[in-house]
Every structure is written in structure tokens, then in C-alpha cells.
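**Q** Please read through the structure below; I'll follow up with questions.
Residue numbers (the numbering used here): 7 to 123.
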């Protein structure tokens with residue numbers, strides 16, 4: 007049965023996400039280990055968006071927050087293209103704080119955790 011989206015179809019950077027993109031994002035979230043979404047004591051994506059999307063519970067709300075962050079990143083940085091990669095034409099020097107995250111450029115711990123599923 008096809009999924010129905012409403013708020014997830016909101017425009018990001020002038021365009022709406024394709025439903026195929028949203029389906030793949032939701033499919034990933036359903037397979038992802040719950041440990042990826044647990045609270046922790048470090049500054050992370052949840053810390054960065056708590057004013058907009060918090061306060062967080064445990065479980066489905068934290069997962070939904072992560073999906074919304076990934077949806078917005080994908081629209082802003084990749085125009086919904088899974089294979090886009092980092093923008094090589096940025097004028098400023100790349101540092102750990104200003105380089106794009108991209109929706110699907112993951113850190114080593116996340117790659118390790120999702121490889122187990």
C-alpha cells in the first residue's frame with residue numbers, strides 16, 4: 007500500500023521531495039537500529055535542532071526528527087539526489103564545521119552501526 011505524505015512534501019530550497027525519495031528515507035528508518043536514535047551526552051544533530059523540533063521523547067519522535075533533518079539536508083544540499091556528494095565548488099576552505107553533511111554522507115560510527123543491520 008502506498009504511503010501518504012502531507013507535511014513531508016513541504017518545499018525545501020524551492021522544490022518538493024519526490025515521494026520515491028521519502029519512501030526510501032522511511033524504509034531506511036524502519037531498518038535502522040534503535041541505538042542510532044537514543045539520547046546521548048554529546049552535541050549532535052538533536053542538540054542543534056531542539057528549539058525547532060524538541061523537546062524529544064524516546065523512540066518514534068527522535069526517529070521522526072532525524073528524518074526531518076535528513077529531508078531538509080537532502081533538499082538544500084543535493085536536490086534529492088542520493089549520489090550527489092560534496093560540493094567541490096564552494097569558495098571557502100572546507101573544515102569539519104562547514105563542510106556539507108549531505109543527507110547520506112555518514113560518519114564512521116553510523117556506517118558501522120547500519121552495516122550490522
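Each residue gets a CB set at the ideal place from its N, CA and C atoms; glycine is no exception.
Check the DSSP bridge columns for residue 18 and list the partner residues they point to.
**A** Indexing the chain shown from 1 puts residue 18 at position 12. Looking at the DSSP assignment, residue 18 forms a beta bridge with 21.
**Q** Using 8 Å for Cβ pairs, my map puts residue 82 next to residue 18. What's the rounded Cβ distance?
**A** As a working mapping, residue 82 is identified with position 76 in the chain shown. As a working mapping, residue 18 is identified with position 12 in the chain shown. Right, their Cβ atoms sit about 6 Å apart.
**Q** Would you tell me roughly how many angstroms separate the C-alpha atoms of residue 26 and residue 85, rounded to the nearest one?
**A** Mapped onto the chain shown, residue 26 falls at position 20. Mapped onto the chain shown, residue 85 falls at position 79. Cα to Cα, residue 26 sits roughly 13 Å from residue 85.
**Q** Should residue 56 be labelled buried (16 or more other beta-carbon atoms within 10 Å of its own) or exposed?
**A** Stepping through the chain shown from its first residue, residue 56 is reached at position 50. It counts as exposed.
**Q** Which term fits residue 23, buried or exposed, when burial requires 16 or more other beta carbons within 10 angstroms of its beta carbon?
**A** Walking along the chain shown from the start, residue 23 turns up at place 17. Buried is the label assigned to residue 23, since at least 16 other Cβ atoms lie within 10 Å of its Cβ.
**Q** Does residue 72 pass the burial test, meaning 16 or more other C-beta atoms within 10 Å, or should it be called exposed?
**A** Position 66 of the chain shown, counting from 1, holds the residue named residue 72. By the 10 Å Cβ count, residue 72 comes out buried.
**Q** Just reading off the alpha helix (DSSP H) that residue 71 is part of, what are its end residues?
**A** Within the chain shown, residue 71 is the residue found at index 65, counting from 1. 66 to 79 is the extent of the alpha helix (DSSP H) around residue 71.
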